[in-house]
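S.K.:
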Amino acid sequence: MSSTVYSSARIEPARTQRVTLVDLIDRLLAGGVVVHGHIRLAVADIDLVDLDLAVLVAATDKAAGR
Amino acid sequence: MTLLLYGIADCPPGQVDGVGLHGRPLRGVGENRLTAIVSEYAQAQSEQTENTMWDYERILERVMERGTVLPARFPSMLRNEAAALSMLRERRCEFESALERIRGAVELSVRGAWRAGEEARPATSPMTGTEYMLDRLRLHQRASEAGRRLDSLDALARASRMRVLPNPEVPLAGTYLVDRERVGKFADLLGEVDEALDQVDLVCTGPWPPFSFVDGAPV
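Taken in order, these protein sequences are the chains called A and B.
Last residue of the first sequence: number 66 in our numbering, and the count goes up by one each step with no gaps.
Last residue of the second sequence: number 285 in our numbering, and the count goes up by one each step with no gaps.
In structure tokens form, the structure reads like this:
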């Protein structure tokens with residue numbers, strides 16, 4: 001299972017855990033092979049606003065071709 | 067029944083086994099050493115939760131222990147086996163090239179968070195629009211400068227990308243495609259870089275299936 005490879009000693013464990021979850025969502029929902037015409041995206045049932053933002057940023061960034 | 071796609075592998079379909087989401091058996095659909103890894107997936111099971119996503123990621127990791135796999139975006143559905151075969155035929159060159167690019171590598175994520183006291187603070191007095199934009203610009207420039215201090219990590223990666231995000235707490239998001247056996251070395255170097263930074267603290271997560279490197283440029 002993917003987890004923390006390195007974390008600055010100055011960062012609290014709770015923040016590191018949140019980063020790991022953001023990274024999971026970012027990769028699964030905005031990365032990977034896209035099956036054209038057969039994909040269905042769903043938003044995870046996670047009520048943290050910045051998680052949604054992370055996905056939105058990645059998706060917008062990709063759409064802009066940057 | 068609808069199929070859930072986990073990824074594309076360059077192995078014979080018969081080599082795929084194991085258990086997918088909701089206990090459904092994994093199976094391979096493909097030909098000529100290009101295989102879609104799938105399991106049956108009922109619409110009633112389509113609720114996406116944090117646990118489901120972790121399960122999906124763990125399943126991919128297990129599959130990757132046996133060979134190179136291009137991970138699929140979650141959740142990617144295929145109508146049936148014929149649709150899977152059709153996709154493999156139409157995109158064979160793309161998939162073969164991507165599999166070669168990621169072979170033996172994993173993805174690492176590096177995020178930079180403002181150290182306490184360095185992050186964007188709410189204005190103590192009302193700001194004009196111009197003042198607000200200049201404040202954002204200065205923050206972006208500081209984050210970009212911090213991001214450049216991570217350039218030495220590129221030497222240990224096959225490919226990488228650093229983004230500066232409009233996030234007041236965690237402005238740096240880097241992704242690196244790293245040879246599996248170099249992950250430890252990468253973490254060591256990251257520690258050295260982190261110690262030398264004075265405004266930003268670093269977190270590295272992974273190893274992830276290479277979700278961000280399936281089509282050449284990272285997403």
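For glycine and all other residues, C-beta sits at the position ideal for the given N, C-alpha and C.
Looking at the secondary structure, which residues open and close the alpha helix (DSSP H) in which Asp121 (chain B) lies?
M.R.: 116-130
S.K.: For chain B, find out if any of its Cβ atoms is closer than 9 Å to the Cβ of Ala30 (chain A); answer yes or no.
M.R.: Ala30 (chain A) belongs to the set of residues whose beta carbon lies under 9 Å from a beta carbon in chain B.
S.K.: Exposed or buried, which one is Ser315 (chain B) when buried takes at least 16 other CB atoms within 10 Å?
M.R.: Because chain B here runs from 67 to 285, residue 315 (chain B) falls outside it and cannot be looked at.
S.K.: To which residues does DSSP link Pro137 (chain B) through a beta bridge?
M.R.: Residue pairing from DSSP places Pro137 (chain B) in a beta bridge opposite B:Gly73.
S.K.: Between the segment 234-243 of chain B and the segment 205-223 of chain B, do at least 3 Cβ pairs fall closer than 8 Å?
M.R.: yes
S.K.: Kindly list, in the order they appear in chain D, the residues whose Cβ is closer than 8 Å to that of Arg202 (chain B).
M.R.: Chain labels in this structure do not include chain D; the protein chains are A and B.
S.K.: For the segment 72-89 of chain B, list every residue whose C-beta sits within 9 Å of some C-beta in chain A, in sequence order.
M.R.: Gly73, Ile74
S.K.: Who are the Cβ neighbours of Glu247 (chain B) in its own chain at under 6 Å, not counting the five residues just before and after it?
M.R.: none
S.K.: Would you kindly work out how many angstroms separate the C-alpha atoms of Leu154 (chain B) and Arg145 (chain B), rounded to a whole number?
M.R.: 14 Å
S.K.: Please go through the same chain and pick out, in chain order, the residues whose beta-carbon is closer than 6 Å to the beta-carbon of Asp260 (chain B), but skip the five residues on each side of it.
M.R.: Leu268
S.K.: Taking the alpha-carbon of Arg214 (chain B) as reference, which of B:Val230, B:Tyr72, B:Gly80, B:Glu235 has the nearest alpha-carbon?
M.R.: B:Val230
S.K.: Report all residues from its chain with a CB closer than 7 Å to the CB of Ala209 (chain B); omit the five preceding and five following residues, and keep chain order.
M.R.: Val230, Pro237, Leu238
S.K.: Looking only at DSSP bridge pairs, what is Val302 (chain B) linked to?
M.R.: Absent from the structure is residue 302 (chain B), since the part of chain B shown begins at 67 and ends at 285.
S.K.: Just checking: is the beta-carbon of Tyr271 (chain B) within a distance shorter than 9 Å of some beta-carbon in chain A?
M.R.: For clarity, residue 271 (chain B) is Thr in the given sequence; the question names Tyr instead. By the rule that beta-carbons nearer than 9 Å mark a contact, Thr271 (chain B) touches chain A.
S.K.: Taking CB distances under 9 Å as the criterion, tell me whether Val249 (chain B) reaches chain A.
M.R.: Among the residues facing chain A, Val249 (chain B) is included, as its CB has a counterpart in that chain under 9 Å away.
S.K.: If we count the other Cβ atoms within 10 Å of its Cβ and call it buried at 16 or more, is Asp45 (chain A) buried or exposed?
M.R.: Confidence in Asp45 (chain A) is poor, its pLDDT being 48 and thus under 50, which makes the residue's placement unreliable; the coordinate value appears in the next sentence. It is exposed - the Cβ of Asp45 (chain A) has fewer than 16 other Cβ atoms within 10 Å.
S.K.: Check each residue of the segment 256-281 of chain B: if its Cβ is closer than 7 Å to any Cβ of chain A, include it; give the result in chain order.
M.R.: Per Cβ criterion, the list reads Leu256, Gly257, Asp260, Asp267, Leu268, Val269, Cys270, Thr271, Gly272, Pro273, Trp274, Phe277, Ser278, Val280.
S.K.: Mapping DSSP to helix, strand and coil, what is Gly86 (chain B)?
M.R.: coil
S.K.: Going straight from the alpha carbon of Phe161 (chain B) to that of Asp83 (chain B), what length do you get?
M.R.: 21 Å
S.K.: Could you check whether the segment 262-279 of chain B touches the segment 193-206 of chain B, counting it as contact only if at least three pairs of C-beta atoms, one from each stretch, sit closer than 8 Å?
M.R.: no
S.K.: Please list the terminal residues of the continuous beta strand (DSSP E) segment that includes Pro273 (chain B).
M.R.: Start and end: 266-274.
S.K.: For the beta strand (DSSP E) containing Val33 (chain A), list its first residue and its last residue.
M.R.: First-last for Val33 (chain A): undefined, no H or E at that position.
S.K.: Using the beta-carbon count (16 or more within 10 Å), is Met119 (chain B) buried or exposed?
M.R.: buried
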